[in-house]
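So the structure is just underneath, and the comments pick up after that.
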């Protein structure tokens with residue numbers, strides 16, 4: 001082999017690792033660039049629901065789709081599912097040891113179980129299941145019930161332990177022996193020009209940071225009347241998910257905007273500015289789920305809330 005050929009091979013041998021590293025860096029950078037906001041929003045689509053029977057040993061079957069998965073946020077969201085509890089169907093009792101979950105019924109009524117105690121809740125309502133506790137849900141009626149459920153963990157890894165109990169023939173406590181939340185308009189408090197927005201909006205904290213043991217920090221109820229808006233605000237240590245209950249509007253994250261309708265779920269990362277406009281003829285209503293960047297940020301929020309009271 002000639003001297004020039006050997007030099008050429010040596011150059012290729014030295015250059016290839018560099019090119020490979022540059023290519024890997026380029027791919028990593030491309031992966032780090034988020035998709036457009038319109039593509040990041042989860043859309044409820046009954047045509048995409050999948051039928052699942054015997055979920056966690058539950059009775060009958062449910063229809064289900066994933067609105068947002070673990071990739072939707074850098075924080076410890078594991079999923080938000082949207083679905084239908086078919087008549088005389090439910091999700092059997094199961095434990096979560098490293099994550100927390102909440103079923104929320106959007107209409108109708110259902111039997112909620114936490115740690116073997118069961119009560120009937122009328123929608124829209126929900127009940128959080130904390131780490132180290134068990135829960136179930138059952139639709140004992142002849143009508144389907146619309147629902148969603150949220151799961152947040154200490155990490156992004158889901159865990160469960162089934163008890164093999166569908167909770168179908170149980171005694172109901174007239175007063176729930178566990179924490180619940182009710183999306184009740186009478187609880188809403190008016191806020192004028194929220195974050196510099198237009199008009200009066202209405203909000204209420206349904207569940208605060210003391211409820212949860214993971215970085216899950218709160219669940220809020222937010223109502224923006226037609227023509228109203230919420231101005232731009234960034235939360236440095238808090239991600240949020242805005243699930244649209246009713247109405248139509250425009251949601252902005254940073255410099256991007258997208259239309260939203262009932263059934264949509266909008267993920268917002270920590271330190272991203274977000275703003276909202278109600279553009280329809282009925283109020284734009286949200287369930288807002290807050291997930292802290294880490295447990296230190298969650299602890300700081302809890303301390304601030306405690307000091308304020």
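In the working numbering, the protein residues as written are 1 to 309.
We put the beta carbon where it would ideally sit given N, CA and C, even for glycine.
Just so you know, these numbers come straight off a predicted model, no measurement behind them.
When you compare only the Cα positions, how much space is there between residue i and residue j?
| i | j | result |
| --- | --- | --- |
| residue 291 | residue 77 | 7 Å |
| residue 235 | residue 197 | 17 Å |
| residue 202 | residue 171 | 37 Å |
| residue 304 | residue 211 | 15 Å |
| residue 82 | residue 195 | 30 Å |
| residue 187 | residue 101 | 23 Å |
| residue 94 | residue 173 | 20 Å |
| residue 295 | residue 154 | 9 Å |
| residue 133 | residue 163 | 12 Å |
| residue 39 | residue 263 | 15 Å |
| residue 204 | residue 98 | 28 Å |
| residue 256 | residue 250 | 10 Å |
| residue 218 | residue 207 | 5 Å |
| residue 301 | residue 288 | 16 Å |
| residue 143 | residue 84 | 10 Å |
| residue 225 | residue 283 | 4 Å |
| residue 65 | residue 50 | 6 Å |
| residue 62 | residue 56 | 11 Å |
| residue 44 | residue 252 | 19 Å |
So is residue i buried or exposed if we call it buried at 16+ other beta carbons inside 10 Å?
| i | result |
| --- | --- |
| residue 259 | exposed |
| residue 75 | buried |
| residue 46 | exposed |
| residue 181 | buried |
| residue 281 | exposed |
| residue 274 | buried |
| residue 53 | exposed |
| residue 313 | The structure shown does not extend to residue 313, since the chain is modelled only from 1 through 309, so no value can be given for it. |
| residue 227 | exposed |
| residue 177 | exposed |
| residue 269 | buried |
| residue 167 | buried |
| residue 209 | buried |
| residue 151 | buried |
My guess is that residue i and residue j are in contact by the Cβ rule of under 8 Å, so how many angstroms apart are they, rounded?
| i | j | result |
| --- | --- | --- |
| residue 265 | residue 68 | 5 Å |
| residue 179 | residue 127 | 6 Å |
| residue 148 | residue 267 | Residue 148 to residue 267, Cβ: 14 Å. No contact. |
| residue 58 | residue 136 | 7 Å |
May I ask you to check if the CB of residue i is nearer than 8 Å to at least one heavy atom of the ligand GDP?
| i | result |
| --- | --- |
| residue 88 | You won't find the ligand GDP in this model; it holds no ligand whatsoever. |
Would you mind listing the beta strand (DSSP E) stretches within the stretch 132-209 that are 3+ residues and don't spill past its ends, in chain order?
133-139, 145-153, 189-192, 200-207
To test your reading of the DSSP string, which unbroken beta strand (DSSP E) runs of 3 or more residues are found completely within the stretch 196-284?
200-207, 216-224, 229-234, 238-246, 248-253, 256-261, 264-268, 273-278
Which ranges would you report for the beta strand (DSSP E) in the stretch 64-126 if only whole runs of at least 3 residues count?
77-85, 89-96, 99-105, 109-114, 117-122
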